Amino acid sequence: MYDFIPYIGKINPVEDPNISDLQASSNIVLYLAQNIPSHKNHLLFFDNWFTGVPLIDHLASRGIWCCGTVRDPSLPGISKEKKTDKALVKKGRGSYEKLVCQDTDHKLYYVKWCDNRIVNIVSLSTRASPITKVERYDSKQKKVIEVSCPDIIYRYNRSMGAVELTDCLIALYRINLRSKKYYLRLVFHIIDMAIVNSWLLYRKDAKNLKLQKKDIMPLFQFKLAISNALIKKGKAQKVKRCRPSAVSQGKPPKHPRSLPEDIICFNQVNNFPVLVEKRN
């Protein structure tokens, strides 16, 4: 998760005289894209609720490439050239059509692909070629088959899958505390989102360090470690004053005590003698 804004039912235009009002859905993208550096070859993906030619032209003027699905592909210059959905379905699963729209401020690549249903997508940078093979389940043959997939569709599915993965990971171990205060739900969601982001970065670093899979904490254990560290943060550990017994130097107990997290053991806090007025 790179950035977000809470949706409150109305999105005002961006407070910039150089940016015109592009309606609610496109204004959301403009708000979130303000922190993206211009002319750095960044590539944005969004679904059909946000995609629009004015938005694509504005992002292209900033040097930000974008790709998104469209509901009604009535793009200027290609509406008469494109095939109907029925004609593409007759060709079978995996068939596609590609067109170039040059009547806009920037050249747009339009691809219509036949999968379980027709998918319409436009892009500034990615084209239909090269064609890759993807696996799909055929209900008639009752087996997995290979289907031709344009590169623009393949890259879109791979990139948008990260959004769905984040939502899935947040839902796995969500903070589920009931409250009459509506804003707490938003606070809990932000905490869950921050933990998932941290775990994804932790897993990425662990793979770069070539750690074994068994040494990488799963999300549940990672979240549990954070909660234990927060619970024990700032609390002094009570230590009994007594002679070390001979039993403690023998065999370890059958049920070893759980140790605090490393962040607590090595934080250089609460690990020193405490001066008290009363003896013992």
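Residue numbering for the sequence shown follows my numbering, starting at 6 and increasing by one per position. Using N, Cα and C, we set each Cβ at its ideal position, and we do this for glycine too. Computed from a prediction, not measured in an experiment: that's the story for all the values here.
Here A199 is exposed, its C-beta having fewer than 16 other C-beta atoms within 10 Å. Look at N125 here: in three-state DSSP terms it is strand.
The DSSP-derived three-state label of Y161 is helix.
In this structure, F193 is the residue among Y188, I150, Y12 and F193 with its C-alpha nearest to the C-alpha of R179. Of all C-beta pairs linking the segment 174–188 to the segment 222–229, three or more are shorter than 8 Å, placing the two stretches in contact. DSSP lists K148 as the beta-bridge partner residues of D143. In the DSSP annotation of this structure, the continuous segment of the alpha helix (DSSP H) that includes L229 starts and ends at L224 to K237. Under the DSSP definition of a beta bridge, Y178 lacks any partner. I126 and Y159 do not touch by the CB rule: their CB atoms are close to 11 Å apart, not below 8 Å. DSSP, read as helix, strand or coil, puts T89 in coil. Sixteen is the threshold: since fewer than 16 other Cβ atoms of the shown chains lie within 10 Å of the Cβ of W54, the residue is exposed. Spanning the alpha carbons of N23 and V34 requires a straight line of approximately 16 Å. Comparing C-alpha distances from E266 to each of E282, R284, N233 and L280 shows the shortest one belongs to N233. Comparing alpha-carbon positions, the option among P11, S25, D8 and F50 lying closest to S164 turns out to be F50. For Y12, the secondary structure class from DSSP, reduced to helix, strand or coil, is coil.
Between Y114 and K96, the C-beta gap is not smaller than 8 Å, which leaves the two residues out of contact. DSSP, reduced to helix, strand and coil, places L205 within a helical segment of the structure shown. Counting along the chain, no alpha helix (DSSP H) covers L214, and no H or E run does either. The same chain holds no residue with a CB closer than 7 Å to that of Y188 once the five nearest residues on each side in sequence are set aside. Of the residues assessed, S128 falls on the buried side of the cut-off, its CB having 16 or more other CB atoms within 10 angstroms. In this structure, K237 is the residue among I123, K237 and R284 with its C-alpha nearest to the C-alpha of F271.
Counting along the chain, L37 sits inside the alpha helix (DSSP H) bounded by residues Q28 to L37.
In the structure shown, F50 adopts extended strand secondary structure according to DSSP, grouped into three states.
In the DSSP assignment, L104 falls outside any alpha helix (DSSP H) and lies within the beta strand (DSSP E) extending over Y101 to C106.
Counting along the chain, the unbroken alpha helix (DSSP H) around L64 starts and ends at V58 to S66. Excluding its 5 nearest sequence neighbours in each direction, L182 has C-beta neighbours in its own chain below 7 Å: F193, listed in chain order. L37 is positioned such that its CB atom lies no closer than 8 Å to that of W70.
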